[in-house]
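S.K.: Here you go, one structure.
Number of protein chains: 2
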Amino acid sequence: MVDKKQKRRVPQQARSRERYDLILDAAARLFAGVGYEAATTNAIAREADVPIGSLYQYFAGKEDILHALADRYLEDMQQLHEESFSADISGLSIEEIVDRQIDPYIAFSEQHLGFKHAFLGAEVSADLAAAMAELDDAVVEGIKTALQRLNGQLSDKRATMAATVLKGMVKGLFGALESDTDPAFQAGVIAEYKRALADYIRRVAQGEG
Amino acid sequence: MVDKKQKRRVPQQARSRERYDLILDAAARLFAGVGYEAATTNAIAREADVPIGSLYQYFAGKEDILHALADRYLEDMQQLHEESFSADISGLSIEEIVDRQIDPYIAFSEQHLGFKHAFLGAEVSADLAAAMAELDDAVVEGIKTALQRLNGQLSDKRATMAATVLKGMVKGLFGALESDTDPAFQAGVIAEYKRALADYIRRVAQGEG
DNA sequence: GTACAATACGAGTAATTACTCACTTTTATT
DNA sequence: AATAAAAGTGAGTAATTACTCGTATTGTAC
């Protein structure tokens with residue numbers, strides 16, 4: 001999906017495959033901690049407990065590490081989407097639908113904590129940004145289809161617009177969660193947010209005015 | 001609000017005051033264009049058509065430029081908030097309130113286009129992040145007060161939570177606006193978003209369930 | 001018009017960083 | 001056990017970048 005220099009040595013033994021992942025994990029930690037630019041390749045190697053030379057056996061350069069990380073992240077995300085959007089929602093209340101869609105994302109974002117920091121900034125390369133945009137489009141498409149399943153009358157245009165709004169709201173939710181780390185407060189915010197989402201979905205599902 | 005080295009020469013003639021702003025403008029353009037890290041001080045000086053030595057007469061370093069820029073931005077934002085939250089909303093419909101609150105922010109974000117890019121990343125310094133968080137808190141506080149004006153029964157806790165949700169939704173709106181630049185589509189998204197905001201506010205105002 | 005201060009200037013520097021490469025060690029194959 | 005291939009290693013390098021400082025220019029006061 002994302003490729004550029006493809007100069008790196010392809011791991012052929014289990015040992016090197018492990019190191020590859022070790023480096024990626026270390027990079028993810030550092031990117032999250034100090035940001036992409038401030039994370040030097042030497043520091044990544046040190047964090048992974050791997051010599052700098054070994055790092056460059058598997059990665060063509062610093063940006064290549066970011067791209068590999070992005071690939072991993074995007075794959076996980078895509079899988080989440082597929083599971084999410086292929087689920088059968090017939091017979092469920094709107095509240096139940098919202099629960100089943102939102103909860104996995106919250107779990108995902110907790111697992112991949114901090115990773116997105118590296119991608120929120122403006123330092124990302126153009127094709128990485130494109131990959132993220134592609135993912136965003138897939139999300140909108142998935143939500144759109146789900147909305148049209150709820151309301152057969154919905155035009156493509158209106159469904160796309162509503163899906164964009166919902167995507168924005170969900171992203172906003174994650175932003176709101178970052179500002180306060182108190183679990184009780186976060187749970188409250190999530191509950192409130194779900195209500196808002198359900199209300200909006202209900203409005204769209206009912207044809208609205 | 002944000003200070004660190006304070007080593008810069010304080011402009012005493014009109015000429016140098018102009019240059020100071022010239023440099024800030026150039027920095028804002030470059031930060032928005034290529035990001036904070038990639039924007040070299042030499043490039044900023046070139047963009048501002050000012051020698052590198054002059055740049056360092058007014059700014060103690062690269063980070064100092066970012067801080068000065070942040071100060072300018074935060075001041076503008078704070079003024080916007082004050083105007084926004086001091087407005088008399090009695091007798092207005094929820095839809096009108098939403099219009100009057102959201103529209104100025106949209107105009108502001110268009111004027112300060114791209115600036116926030118420099119601040120969304122993880123590269124910001126700790127005290128700058130603190131300044132942004134402070135601003136966020138002020139927003140939540142303002143929304144909270146407005147909500148309690150709409151519904152006297154609202155506890156501080158619930159009002160704060162609802163305000164956090166609303167703040168998140170608005171931030172999500174700006175994210176959604178970035179993904180598609182088609183004005184017609186954007187206008188539609190804004191309209192949809194306003195509906196969602198109004199619905200949620202109405203729910204909170206009515207005591208909810 | 002002279003003395004003094006403020007400002008302008010940009011070549012140069014010290015420090016940092018992404019990345020290389022010549023060499024060693026480990027694993028696979030026969 | 002011998003050979004080859006794959007993987008490991010880190011001191012060193014070339015390039016970049018934030019920042020300095022000695023000098024030139026402009027403005028001010030008398």
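Quick mapping for you: the protein sequence lines, in order, are chains P and E. First residue of the first sequence? That's 1 in our numbering, and the numbers climb one at a time after it. First residue of the second sequence? That's 1 in our numbering, and the numbers climb one at a time after it. Positions of the beta carbon are idealized from the N, C-alpha and C atoms, including for glycine.
1) Give me the chain P residues within the contact set of E141(E), using Cβ-Cβ distance strictly less than 9 Å, ordered along the chain.
2) Taking beta-carbon pairs under 9 Å, can you tell me which members of the segment 168-182 of chain E lie near chain P?
3) By DSSP, does Y73(P) sit in helix, in strand, or in coil?
4) Strictly under 8 Å for the Cβ-Cβ distance: is A196(E) near chain P by that measure?
5) Hey, how far is the Cα of Q13(P) from the Cα of Y20(P)?
6) Give me the Cβ distance between T164(E) and V189(P), rounded to the nearest whole Å; I'm assuming they're in contact under 8 Å.
7) For a cutoff of 8 Å on Cβ pairs, would you count A122(E) as touching chain P?
8) Using the beta-carbon count (16 or more within 10 Å), is T145(P) buried or exposed?
9) In or out: V140(E) buried (at least 16 other Cβ within 10 Å) or exposed?
10) Looking only at its own chain, which residues have a Cβ that is under 6 Å from the Cβ of F85(E), when we skip the five neighbours before and after it?
11) Which residues in chain P have a C-beta closer than 9 Å to the C-beta of G207(E)? List them in chain order.
12) In terms of residue numbering, what span does the alpha helix (DSSP H) encompassing F108(E) cover?
13) Could you please give the first and the last residue of the uninterrupted alpha helix (DSSP H) stretch that includes D199(P)?
14) Less than 8 Å between CB atoms is the rule here; does G210(P) satisfy it with respect to chain E?
15) Tell me the DSSP secondary structure of L154(P) in three-state form.
16) Straight-line CA distance for A68(E) to A39(P)?
17) Whose C-alpha, out of A138(P), D180(P) and S179(P), is nearest the C-alpha of E82(P)?
18) Using a Cβ-Cβ cut-off of 8 Å, state whether T145(P) counts as contacting chain E.
19) Give the residues of chain E in contact with H165(P), contact being defined as C-beta atoms less than 7 Å apart.
20) Please compile the residues from chain P whose C-beta is within a distance smaller than 8 Å of the C-beta of R29(E).
21) A87(P) lies in the alpha helix (DSSP H); which residues open and close that run?
22) A200(E) versus chain P: which residues are under 7 Å apart at the beta carbon?
23) Hey, out of V98(E), Q57(E) and I23(E), whose CA is closest to I201(E)'s CA?
24) How big is the Cα-Cα spacing for L154(P) and G207(P)?
25) Compare the C-beta of S16(P) with all C-beta atoms of chain E and state if any pair is closer than 8 Å.
26) Cα separation between S90(P) and Q148(P)?
27) Return the chain-ordered list of same chain residues with a C-beta closer than 6 Å to the C-beta of Y193(P), the five sequence neighbours on each side being excluded.
28) Leaving out five residues before and five after G209(P) in sequence, what residues of the same chain have Cβ atoms less than 6 Å from its Cβ?
29) Relative to the C-alpha of E110(P), which residue among E134(P), R158(P), L135(P) and L177(P) is closest?
M.R.: The structure says:
1) Going along chain P, no residue has its Cβ under 9 Å from E141(E), so there is no contact; the nearest lies around 13 Å.
2) G168, M169, V170, K171, G172, L173, F174, G175, A176, L177, S179 and D180
3) helix
4) yes
5) Going from the Cα of Q13(P) to the Cα of Y20(P) covers about 11 Å.
6) 6 Å
7) Because the pLDDT of A122(E) is 44, which lies under 50, any placement of that residue in the model is unreliable, and the question is left without a value.
8) exposed
9) buried
10) G142
11) In chain order: nothing, as chain P lies at least about 13 Å away.
12) I94 to Q111
13) D199(P) -> alpha helix (DSSP H) spans P183 to A205.
14) No answer is possible for residue 210(P): the residues shown for chain P start at 1 and end at 209.
15) coil
16) 25 Å
17) A138(P)
18) no
19) A small fix is needed here, since residue 165(P) is Val in this sequence, not His. What V165(P) touches in chain E: A176, V189, E192, Y193 and A196.
20) In chain order: nothing, as chain P lies at least about 13 Å away.
21) Taken as a continuous stretch (DSSP letters only), A87(P) belongs to no alpha helix (DSSP H), as it is neither H nor E.
22) With the sequence shown as reference, residue 200(E) is identified as Tyr, and Ala is not the correct amino acid for it. The contacting residues are A196 and D199.
23) The closest CA to that of I201(E), considering only V98(E), Q57(E) and I23(E), is found on V98(E).
24) Rounded to whole angstroms, the gap between the alpha carbons of L154(P) and G207(P) is 7 Å.
25) no
26) Each residue's alpha carbon lies about 12 Å from the other.
27) L173
28) In this predicted model, G209(P) has a pLDDT of only 48, less than 50, meaning its place in the structure is not dependable enough to derive any value.
29) With distances taken between Cα atoms, E110(P) lies closest to L177(P).
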